[in-house]
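Colleague: Got a structure for you, written out below as structure tokens; questions coming shortly.
Numbering (the working numbering), first residue to last: 88 to 864.
Listed below in structure tokens is the structure:
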């Protein structure tokens, strides 16, 4: 299938380290709000204007807390046993960005600006703004701002607003608000867009001004969470409070008068604290917020900003990817890494949603995206974050055990397809609960993390238990066929959401086989060290034998005539989709055709068998991968943002670096160019991680295997240079390549033996060595 055409108009300027809106573009404001979002893994706040959007211009305000959610019943016209009962929604909290200016009674607005520029500096994690404004009286202002969500202080957001009178001296009025009454934004004709508003999320418990601090306390609807939001200001000399602090339901307002001298800048700093709890009382949480706010105020804006900038400096030192030949793609890969770092939970109780912390899409739910796309990236760049993401899944293991029982499985754990708090939230079971492969995805992520880190303590404390309980489910779900003796798994849905409720989905069966074999290897190591875990979990010799038998006899569909792996038992019997007569405006198919129409055809939303080819690595010969790729790619719409990156890697692995580069470009700029026309409601986190995978696993050919770290670099002509660092089992390795050679330098850690193609190379710390790269096509 053809991919998205290259963008002819880009709403943000192309540059290596920045995203810049160089002038006011109301038609792009909603998209820019997503792209200019700031977050720190806990707080996420969209890149909305401090004064709010002009009247009549589409805008989606949003500030979110990761891992904190409201809950509401799912209403079905017809329900049935085992259906998901409640939907979780990522908590949308009070907007503290509100800063409005009035001069001589006239509101300062972007619509009257003579120039306007907003820039997201990804090196520093700061959103900057510079606006020149002329009033009806002829008075002119320059207004600049700097905003950041602190990476060094989990609970903090800070804003600096600087005002300069350019051709007059006089007073100006500043209005600052903490607003928990802002409207939501809906798009009911698209199931990918969540229906989220702050009114759906919060019930106001109290609000007050206390020693010039504004404080709001809310309870999440349908959940046990209390949420506090607190603000204060650092004001220059001579600023006076106008009247009394004002309170309306869910809104706290303060107005200040600033005396401006011509060409003398005046800066106001607004500090904001967000925190939550499910197990403390209202007074305790309120005091916690105020204590954190006082501590931040004592440090001051400059010190807070420096600590934040230092975090980003350290991140980029390790995680930056440098490519040559295309500034737009360089910008894109950095933006994608920036977004991953901003959105990933780091506290062991939060994860990373499909839209990160940038918008209401999918209600903020966690999917398999984390395990198949994000954890493999973090395992080789920020293994500490990868560990925390897996820790969050472990924290919900008991809920997964309970879900397995609800689904009539007497043993094991079944993780939810989409969730925040651990409860299944997918209302459409054919494309939700039926995607049992979520269990195999979590096992794959554990394996990826362990291969990259050799973190045996994690396996002992959490990983092995998750492997055991998710493995147990497969023997409950699958069965040994009486006719063939093969282990089969029926009535499941694989990664491709354009097929549902099938028997023997190749991807699912193959990933279960991989999981069972890896689990048995880990349990063998535990047995050798006499770990009590197996006895504690009641693992028996008979159970281990069943797992081995299921793995050895797994049914992996294969068609002898076509010499390809069928996606499932019935896929090849279906009628191929009529792509030639499907208008371009009928994509994505899910918005224009009933699911049953789609399910009857050979058509894919995303990589399915092709994804298995990647994850199974060297278990499938290259020639077979080429045949499967050649069969399935023409049938794939790539309606899912998860698809292009996987095809990029597989084209690179099978020698077609030209197609690989085409698919890489599509995935890398998926959000910056809004390829799927829905980035307005949040970025595509899995696709962002996938763009890193395309470069590292595709063009550099990196594979982390039990036997070590492997490289097979071959760059396309459009990508003359590539450089990045990897964290691998306590070491830091620098990789660089061009069209003719690849260089490896061990920057720190114990000696490392890596593989360049078939050659084993041993490096000591500080050593550097170069080898020829493969030919490009």
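Just so it is clear, CB atoms sit at the ideal spot from N, CA and C, and this is done for glycine as well.
According to DSSP, residue 825 sits in a beta bridge with which residue or residues?
Modeller: Its beta-bridge partners are 808.
Colleague: In three-state terms, what does DSSP make of residue 216?
Modeller: DSSP places residue 216 in strand when its eight states are reduced to three.
Colleague: What's the C-alpha gap between residue 828 and residue 851?
Modeller: Distance between the alpha carbons of residue 828 and residue 851 is about 20 Å.
Colleague: What residue from 599, 619, 130 has the CA that sits closest to residue 643's CA?
Modeller: Ranking 599, 619, 130 by Cα distance to residue 643 puts 599 first.
Colleague: Distance check for residue 832 and residue 838, CA to CA, integer angstroms please.
Modeller: If you take the alpha carbons of residue 838 and residue 832, they lie about 11 Å apart.
Colleague: What first and last residue would you give for the alpha helix (DSSP H) that runs through residue 196?
Modeller: Segment: none, residue 196 is in no alpha helix (DSSP H) and carries neither H nor E.
Colleague: Sorted by chain position, which residues of the same chain lie with C-beta nearer than 8 Å to residue 106's C-beta, five sequence neighbours on each side aside?
Modeller: For residue 106, where only same-chain residues beyond five positions count, the Cβ hits under 8 Å are 99, 100, 122, 123, 206, 207, 209, 418, 422, 759.
Colleague: Using three-state DSSP, classify residue 640 as helix, strand or coil.
Modeller: Coil, per DSSP.
Colleague: Let me check one thing: in DSSP terms, what residues is residue 353 bridge-paired to?
Modeller: Its beta-bridge partners are 250.
Colleague: Specify, as a first and last residue, the run of the beta strand (DSSP E) that residue 301 falls within.
Modeller: It spans 300-307 - the beta strand (DSSP E) in which residue 301 sits, taken as one unbroken run.
Colleague: Could you give the DSSP three-state label for residue 233: helix, strand or coil?
Modeller: Residue state, collapsed to three classes: strand.
Colleague: Which same chain residues end up closer than 6 Å to residue 109 when comparing Cβ atoms and leaving out the 5 residues on each side of it in sequence?
Modeller: Closer than 6 Å at Cβ, skipping near neighbours: 100, 204.
Colleague: Buried or exposed: residue 288, going by 16 or more other Cβ atoms within 10 Å of its Cβ?
Modeller: By the 10 Å Cβ count, residue 288 comes out buried.
Colleague: For residue 244, does the three-state DSSP call read helix, strand or coil?
Modeller: Three-state DSSP puts residue 244 in a strand.
Colleague: Can you give me the C-alpha to C-alpha distance between residue 213 and residue 393, rounded to a whole angstrom?
Modeller: Straight-line Cα distance between these residues: approximately 11 Å.
Colleague: How many angstroms separate the CA atom of residue 340 from the CA atom of residue 294?
Modeller: Approximately 11 Å, taken between the alpha carbons.
Colleague: Let me check one thing: in DSSP terms, what residues is residue 359 bridge-paired to?
Modeller: Residue 359 pairs with 244, 318.
Colleague: What is the residue span of the beta strand (DSSP E) that residue 768 lies within?
Modeller: Premise fails: residue 768 is in no beta strand (DSSP E) and is neither H nor E.
Colleague: Quick one: is the Cβ of residue 629 within less than 6 Å of any heavy atom of the ligand FAD?
Modeller: Judged by which ligands are present, the structure shown has none, so any question about the ligand FAD falls away.
Colleague: Using the three-state DSSP reduction, which class does residue 864 fall into: helix, strand or coil?
Modeller: The predicted model places residue 864 with a pLDDT of 40, which falls under 50 and marks its position as unreliable; any figure quoted below should be read in that light. Three-state result, residue 864: coil.
Colleague: At the level of alpha carbons, what is the spacing between residue 91 and residue 434?
Modeller: Distance between the alpha carbons of residue 91 and residue 434 is about 37 Å.
Colleague: Nearest-angstrom Cα distance between residue 248 and residue 428?
Modeller: Whole-angstrom Cα-Cα distance: 26 Å.
Colleague: Cα separation between residue 102 and residue 530?
Modeller: Rounded to whole angstroms, residue 102 to residue 530 spans 39 Å at the Cα level.
Colleague: Which one of 365, 812, 147, 618 has the shortest CA to CA distance from residue 769?
Modeller: When each option's Cα is compared against that of residue 769, the closest is 147.
Colleague: Applying the criterion that 16 or more other CB atoms from any shown protein chain within 10 Å of the CB defines a buried residue, is residue 414 buried or exposed?
Modeller: It counts as exposed.
Colleague: So, is residue 365 buried or exposed, given that buried needs 16 or more other C-beta atoms within 10 angstroms?
Modeller: Classification of residue 365: exposed, given that the 10 Å Cβ count is below 16.
Colleague: Figure out for me which residue from 749, 820, 589 has the closest Cα to the Cα of residue 656.
Modeller: For the residues 749, 820, 589, the minimum Cα distance to residue 656 belongs to 589.
Colleague: Give a yes or no on whether the C-beta atoms belonging to residue 353 and residue 230 are separated by under 7 Å.
Modeller: Cβ atoms of residue 353 and residue 230: not closer than 7 Å.
Colleague: Taking contact to mean at least 3 C-beta pairs separated by less than 8 Å, is the stretch 471-484 in contact with the stretch 496-513?
Modeller: Yes, the stretch 471-484 is in contact with the stretch 496-513.
Colleague: Which residues mark the beginning and the end of the beta strand (DSSP E) in which residue 291 is found?
Modeller: Element bounds for residue 291: 289-297.
Colleague: Taking only three categories from DSSP, how would you classify residue 785?
Modeller: It is helical.
Colleague: Determine, for residue 347, whether the minimum Cβ-Cβ distance to residues of chain D falls below 7 Å.
Modeller: Reference to chain D is not applicable here, since this structure consists of a single protein chain.
Colleague: I believe residue 700 touches residue 737 by the beta-carbon criterion, under 8 Å. Please report the beta-carbon distance rounded to the nearest angstrom.
Modeller: That pair is a contact at about 6 Å.
Colleague: Enumerate, from N- to C-terminal direction, the unbroken alpha helix (DSSP H) stretches of 4 or more residues contained entirely within the stretch 538-584.
Modeller: Listed in chain order, the complete alpha helix (DSSP H) runs (minimum 4 residues) inside the stretch 538-584 are 551-564.
Colleague: Under three-state DSSP, which class holds residue 668?
Modeller: Three-state result, residue 668: helix.
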